[in-house]
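Peer 1:
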Amino acid sequence: MPAPLLAAPPLILLKPGTTGTLRLLRTESDILPVDRETLFELSIASVPSGNVENQSVKVAMRSVFKLFWRPEGLPGDPLEAYQQLRWTRNSQGVQLTNPTPYYINLIQVSVNGKALSNAGVVPPKSQRQTSWCQAIAPCHVAWRAINDYGGLGAKKEQNLP
38 MPAPLLAAPP
48 LILLKPGTTG
58 TLRLLRTESD
68 ILPVDRETLF
78 ELSIASVPSG
88 NVENQSVKVA
98 MRSVFKLFWR
108 PEGLPGDPLE
118 AYQQLRWTRN
128 SQGVQLTNPT
138 PYYINLIQVS
148 VNGKALSNAG
158 VVPPKSQRQT
168 SWCQAIAPCH
178 VAWRAINDYG
188 GLGAKKEQNL
198 P
């Protein structure tokens with residue numbers, strides 16, 4: 038399957054104190070779904086050039102960015118999508134249901150007052166099973182989500198029977 042996006046140029050040589058521009062180009066128009074967002078990871082590596090000199094340190098770095106492709110005309114407000122997230126309890130723990138066409142990027146999730154690290158994302162029009170609250174009753178969840186601008190949505194809370 039061909040890649041739906043292409044980074045150009047694939048390699049950039051940067052001199053000290055300069056910047057570069059990376060363009061993302063859409064290569065195929067019919068590969069990506071039109072009824073929901075698609076999530077990509079953009080990985081950028083920086084590798085120092087030249088030899089290591091005496092008393093110097095060179096560091097290679099890799100940055101990974103979430104890149105969302107959003108088709109035109111999706112229904113609903115992406116800034117409010119996290120408020121439609123449904124939390125239900127079952128024998129395996131807590132199931133999250135996202136009925137929207139938008140990815141929900143969870144952050145600051147707590148279960149019964151205990152903060153969880155790396156709550157992750159809930160894909161559009163999907164369910165995600167977690168092991169939270171398996172044997173704990175009652176179960177109180179609180180969450181926030183990262184919005185399109187990198188800010189945090191208002192805190193939401195729910196008691197699960």
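For the sequence shown, position 143 matches number 180 in the working numbering, and the numbering has no gaps at all.
C-beta atoms are modelled at their ideal positions from N, C-alpha and C, and glycine is treated no differently.
Are the CB atoms of Asn135 and Leu122 nearer to each other than 8 Å?
Peer 2: Yes, the Cβ-Cβ distance between Asn135 and Leu122 is below 8 Å.
Peer 1: Specify, as a first and last residue, the run of the beta strand (DSSP E) that Cys176 falls within.
Peer 2: Unbroken beta strand (DSSP E) run through Cys176: 176-183.
Peer 1: Starting from Arg107 and walking both ways along the beta strand (DSSP E), at which residues does that stretch end?
Peer 2: Element bounds for Arg107: n/a, residue is neither H nor E.
Peer 1: Would the beta-carbon of Asn19 fall within 8 Å of that of His177?
Peer 2: Because the chain in this structure spans residues 38 to 198, residue 19 falls outside the shown range and cannot be described.
Peer 1: Using a Cβ-Cβ cut-off of 7 Å (strictly less than) and excluding sequence neighbours within five positions of Arg60, which residues of its own chain qualify?
Peer 2: Closer than 7 Å at Cβ, skipping near neighbours: Ala45.
Peer 1: Residues in its own chain within less than 6 Å of Ala82 by CB, not counting five upstream and five downstream?
Peer 2: Same-chain partners within the cutoff: Arg99.
Peer 1: How long is the line joining the alpha carbons of Gln164 and Gln132, rounded to whole angstroms?
Peer 2: For Gln164 and Gln132, the distance between alpha carbons rounds to 7 Å.
Peer 1: Measure the C-alpha to C-alpha separation of Val146 and Gln166 and round it to an integer number of angstroms.
Peer 2: About 15 Å.
Peer 1: Could you tell me the alpha carbon to alpha carbon distance between Gln129 and Ala152, rounded to whole angstroms?
Peer 2: Distance between the alpha carbons of Gln129 and Ala152: 20 Å.
Peer 1: Spatial neighbours of Trp169 within its chain, please: C-beta separation below 6 Å, excluding the five flanking residues on both sides.
Peer 2: For Trp169, where only same-chain residues beyond five positions count, the Cβ hits under 6 Å are Gly130, Val131, Val148.
Peer 1: Just curious, the beta strand (DSSP E) that Asn142 is in, first and last residue?
Peer 2: Note, Asn142: beta strand (DSSP E), 141-148.
Peer 1: Can you tell me whether Ile141 is buried or exposed, with buried defined as 16 or more other CB within 10 angstroms of its CB?
Peer 2: Its Cβ being crowded by 16 or more others within 10 Å, Ile141 is buried.
Peer 1: Can you check which of these residues, Leu51, Pro198, Tyr139, Arg181, is closest to Pro85 by C-alpha distance?
Peer 2: Of Leu51, Pro198, Tyr139, Arg181, the residue nearest in Cα terms is Leu51.
Peer 1: As a quick exercise: from Gly54, Arg181, Gly113, Thr55, pick the residue whose alpha carbon is nearest that of Lys192.
Peer 2: With distances taken between Cα atoms, Lys192 lies closest to Arg181.
Peer 1: Leaving out five residues before and five after Thr137 in sequence, what residues of the same chain have Cβ atoms less than 7 Å from its Cβ?
Peer 2: Excluding sequence neighbours, Thr137 sits near Gly113, Ala118, Gln121, Pro161.
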